[in-house]
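Read through the structure below, which is laid out as structure tokens, and then see the notes.
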Amino acid sequence: MMTILSFINYWVVVVLMMIGFYCVIARGNMAKKVMGLNLFQTSVFILFISAGKIVGGSTPILREGVEMYSNPLPHVLILTAIVVGVATTAVGLALAVRINEAYGSIEDDHLGDEDDGDGQ
Amino acid sequence: MTITELMPFSVLVPLIASLVCALLPGRFWPWAVTLVAVIVSAVIAAFTLPAAAQVTLSYAFGNWPPPIGIEYRVDAANAFVALLVAGMAAVALPWAKKSVDKEVPERQGAFYALFLLALSGLLGITLSGDAFNIFVFLEISSLATYGLIAHGSDRRALLASFRYLIMGTVGATFLLIGIGFLYIMTGTLNLADLAERLPEVRDTSTVRAALAFIIVGMGLKLAMLPLHLWLPNAYTYAPSFVTVFLAGTATKVALYVMLRFVFTVFAPDWSFVVLPLSTVLMILGVAGMFAGSWVAMFQPNIKRMLAYSSVAQVGYMVLGVSLVSVIGLSAAFLHLFNHALMKTALFMAVGTVIYQVGSARLKDVRGLGRTMPWTLTAFALAGLSIIGVPLTAGFVSKWYLIQAALDQGQWFLVVLILVTSLMAVIYIWRVIEAAWFQERSIKQPDVGEAPLALLIPTWILVALNFYFGIDTRLTVGGATAAAEALLGGGMTP
Chain A
257 MMTILSFINY WVVVVLMMIG FYCVIARGNM AKKVMGLNLF QTSVFILFIS AGKIVGGSTP
317 ILREGVEMYS NPLPHVLILT AIVVGVATTA VGLALAVRIN EAYGSIEDDH LGDEDDGDGQ
Chain B
25 MTITELMPFS VLVPLIASLV CALLPGRFWP WAVTLVAVIV SAVIAAFTLP AAAQVTLSYA
85 FGNWPPPIGI EYRVDAANAF VALLVAGMAA VALPWAKKSV DKEVPERQGA FYALFLLALS
145 GLLGITLSGD AFNIFVFLEI SSLATYGLIA HGSDRRALLA SFRYLIMGTV GATFLLIGIG
205 FLYIMTGTLN LADLAERLPE VRDTSTVRAA LAFIIVGMGL KLAMLPLHLW LPNAYTYAPS
265 FVTVFLAGTA TKVALYVMLR FVFTVFAPDW SFVVLPLSTV LMILGVAGMF AGSWVAMFQP
325 NIKRMLAYSS VAQVGYMVLG VSLVSVIGLS AAFLHLFNHA LMKTALFMAV GTVIYQVGSA
385 RLKDVRGLGR TMPWTLTAFA LAGLSIIGVP LTAGFVSKWY LIQAALDQGQ WFLVVLILVT
445 SLMAVIYIWR VIEAAWFQER SIKQPDVGEA PLALLIPTWI LVALNFYFGI DTRLTVGGAT
505 AAAEALLGGG MTP
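Heads up: the protein sequence lines correspond to chains A and B, in order.
Counted the way the numbering used here counts, the first sequence spans residues 257 to 376.
Counted the way the numbering used here counts, the second sequence spans residues 25 to 517.
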């Protein structure tokens with residue numbers, strides 16, 4: 257029981273990742289797909305941040321009397337990854353808006369079928 | 025200024041130029057700035073290759089010594105791929121002017137800015153020696169690519185772009201998970217440093233999972249068979265110039281990243297043992313060769329046909345990798361280069377047809393062999409290269425692939441390669457048959473030959489296909505040096 261609890265971050269990562277991935281695969285609505293993607297990415301962020309934590313460590317700021325501190329590198333990496341994630345979400349939602357303008361729907365299931373010519 | 029200090033500028037010049045480009049109005053200046061930036065980048069890449077083949081170049085950003093800072097680490101393998109990417113962009117850009125004017129008439133500043141971002145992202149992936157940096161550049165190039173594809177005039181371009189965004193982001197996030205696992209186990213992100221520290225911890229499930237995540241993630245970006253679903257639509261509905269550029273570069277860079285991780289970081293004597301990579305890659309490669317060629321034979325749209333053919337060609341490269349020998353890997357690199365040449369030439373010829381006729385459907389190409397002889401002859405000659413007729417670049421890479429297969433006594437692979445080449449004959453022949461042996465119906469408008477601005481770059485690429493089919497010093501030399509750099513100096517499993 258203790259081992260499960262002490263790895264609670266990683267359990268959260270796995271659960272979030274699966275929820276996000278399921279949304280991406282199973283949902284037809286494009287906005288929901290993008291949100292699922294977001295959740296999926298966020299779970300990876302938590303994975304990185306958890307890895308940077310050191311038990312008993314302080315915040316990574318140089319000051320008197322602090323010997324042990326958390327690893328700051330994952331934080332910085334994830335700051336970049338968050339920016340990437342936001343950009344992806346923005347592009348995805350912008351595309352969804354354009355698709356809504358062009359097709360009048362963002363339900364992915366049947367879009368594109370009615371276009372004639374060289375489809376599929 | 026030494027070549028080591030100059031080398032990062034092949035990434036930085038397009039990156040900076042993209043900012044300038046985004047602000048420029050009109051149609052001429054964005055293109056001109058892009059052209060200059062791309063040529064500078066290609067020239068730097070061309071100087072980097074000979075230098076990197078002799079000694080591994082290392083540039084530490086901000087003067088932070090690696091492994092703490094971000095390092096650009098260039099050996100023969102990176103330099104070869106970087107030269108291919110920058111060179112293809114430089115050849116494609118003179119062609120782009122007319123085609124883009126027609127297909128993307130408005131806001132060209134933004135369009136070319138996206139193109140430059142995609143280019144600098146791809147170059148950044150190849151040159152960087154830092155795992156996380158590779159992820160960031162991968163996302164830069166991917167996001168720019170989604171934007172470029174969405175510029176297609178057909179509304180299905182938006183759908184294609186959205187689906188690529190979903191699959192591409194999942195792939196990139198898989199890469200990030202893999203990199204995260206590696207960082208957790210070793211505490212470093214520098215590729216060379218990773219390679220040194222991994223042997224101590226590599227018998228753990230975390231490292232095995234990292235390898236699996238990275239392979240699946242990059243397999244998505246590289247359109248390896250079951251993960252290729254984004255590619256046909258993206259290539260079909262993107263503007264012609266974007267297709268020309270992507271077909272020659274994007275999947276190649278993804279393949280390079282996969283090879284860099286599998287061979288340099290994980291070392292082939294571990295990665296090919298702990299997972300049955302050789303078998304899996306061989307099956308997927310062969311399946312890709314067959315499925316791609318098979319589906320290509322029935323496509324009514326030439327652009328989509330060539331896209332499926334790309335899936336098949338990726339199969340050849342993956343097959344070369346799966347043989348895990350210097351000659352197999354050389355064949356993969358060789359095909360990576362030669363496929364870029366021939367697919368770019370083919371897509372340029374199709375793009376020229378689209379420029380004149382407005383469509384790439386097979387029935388709209390009927391009878392064009394007589395009215396647009398130069399365009400369609402270029403298509404036919406580049407088609408010879410993709411089939412693998414002797415004296416063309418395609419023959420050289422298939423020859424090496426066959427040799428690599430025979431080297432390991434896998435003669436059945438030779439049969440499979442020949443059969444899929446015959447399938448290529450069929451799909452290329454369908455276009456030739458429509459263009460020369462069918463009459464143009466009266467309802468279809470008459471068109472003349474395409475402008476020289478489109479024809480000349482196309483023919484330069486066709487000529488390169490034949491040049492590299494005869495004089496193989498640069499390609500075979502470069503590919504062998506790249507393979508040896510990845511395998512650590514001629515090591516065999």
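Idealized CB from N, CA, C, for every residue including glycine.
Does residue i have its Cβ less than 8 Å from a Cβ in chain A?
i      : result
R390/B : no
I208/B : yes
E29/B  : no
G513/B : Model confidence at G513/B stands at a pLDDT of 47, short of 50, so the residue's coordinates are unreliable and nothing is read from them.
T197/B : yes
A174/B : yes
Y379/B : no
T26/B  : no
G243/B : no
L73/B  : no
E224/B : no
Y170/B : yes
T193/B : yes
F186/B : yes
T516/B : Because the pLDDT of T516/B is 38, which lies under 50, any placement of that residue in the model is unreliable, and the number read from its coordinates should be weighed accordingly. By this cut-off, T516/B is not an interface position.
E95/B  : no
R179/B : yes
Y83/B  : no
In angstroms with no decimal places, state the Cα-to-Cα distance between residue i and residue j.
i      : j      : result
I27/B  : R464/B : 55 Å
E323/A : V311/A : 13 Å
T275/B : G321/A : 52 Å
R284/B : N102/B : 9 Å
L367/A : F198/B : 28 Å
P469/B : T344/A : 43 Å
S354/B : F436/B : 20 Å
N8/B   : V270/A : With chain B running from 25 to 517 in the structure shown, residue 8/B is simply not present.
V332/A : A507/B : 34 Å
F205/B : D227/B : 13 Å
G407/B : H359/B : 15 Å
A56/B  : V62/B  : 10 Å
P91/B  : L162/B : 21 Å
I494/B : V449/B : 21 Å
P32/B  : M282/B : 22 Å
Do residue i and residue j have their CB atoms nearer than 8 Å?
i      : j      : result
A287/A : I362/A : yes
L370/B : W119/B : no
F296/B : V348/B : yes
G145/B : A168/B : yes
D294/A : G341/A : Residue identity check: residue 294/A is Asn in the sequence provided, not Asp. Yes, Cβ-Cβ distance for N294/A and G341/A is below 8 Å.
L249/B : L308/B : yes
G171/B : V347/A : yes
L244/B : V338/B : no
Between the options, which has its C-alpha nearest residue i's C-alpha?
i      : options                        : result
I456/B : R390/B, Q468/B, L255/B         : R390/B
S185/B : A350/A, G360/A, D365/A         : A350/A
V225/B : A216/B, F237/B, G211/B         : G211/B
M291/A : A352/A, T259/A, K309/A, D365/A : A352/A
D293/B : A373/B, S346/B, A110/B, A247/B : S346/B
P352/B : V420/B, K467/B, P324/B         : One point to set straight first is that residue 352/B is Gly, not Pro, in the sequence displayed. The shortest Cα separation from G352/B among V420/B, K467/B, P324/B belongs to V420/B.
V268/B : V98/B, R328/B, F461/B, P49/B   : R328/B
L255/B : F290/B, M209/B, G312/B         : G312/B
V350/B : G512/B, I68/B, F156/B          : G512/B
I68/B  : E29/B, L222/B, A56/B, V79/B    : E29/B
A428/B : G502/B, K245/B, T499/B, L343/B : L343/B
Does chain B have any CB closer than 8 Å to the CB of residue i?
i      : result
D374/A : Low local confidence applies: a pLDDT of 48 at D374/A is under 50, so the model's placement there is unreliable, with the coordinate-based value given in what follows. Cβ-Cβ to chain B under 8 Å: yes for D374/A.
G348/A : yes
K289/A : yes
Y359/A : yes
V342/A : no
R354/A : yes
F263/A : no
T403/A : No information on residue 403/A is available, as it lies outside the stretch 257 to 376 that chain A covers here.
L272/A : no
L351/A : yes
Subject >> Complete runs of the alpha helix (DSSP H) confined to the region 163-228 of chain B [at least 4 residues] >> reply: 180-210, 215-225
Original post:
If you scan the region 283-332 of chain B from start to end, which runs of the alpha helix (DSSP H) of 4 or more residues do you find wholly inside it?
Top reply: 292-298, 301-320
Original post:
What runs of the alpha helix (DSSP H), each 4 residues or longer, lie entirely inside the region 342-409 of chain B?
Top reply: 350-381, 392-395
**OP:** Return the chain-ordered ranges of every alpha helix (DSSP H) run that is complete within the region 424-493 of chain B and spans a minimum of 4 residues.
**Re:** 435-461
**OP:** Quick one: which unbroken alpha helix (DSSP H) runs of 4-plus residues sit fully inside the region 25-108 of chain B? Chain order, please.
**Re:** 27-30, 33-47, 52-78
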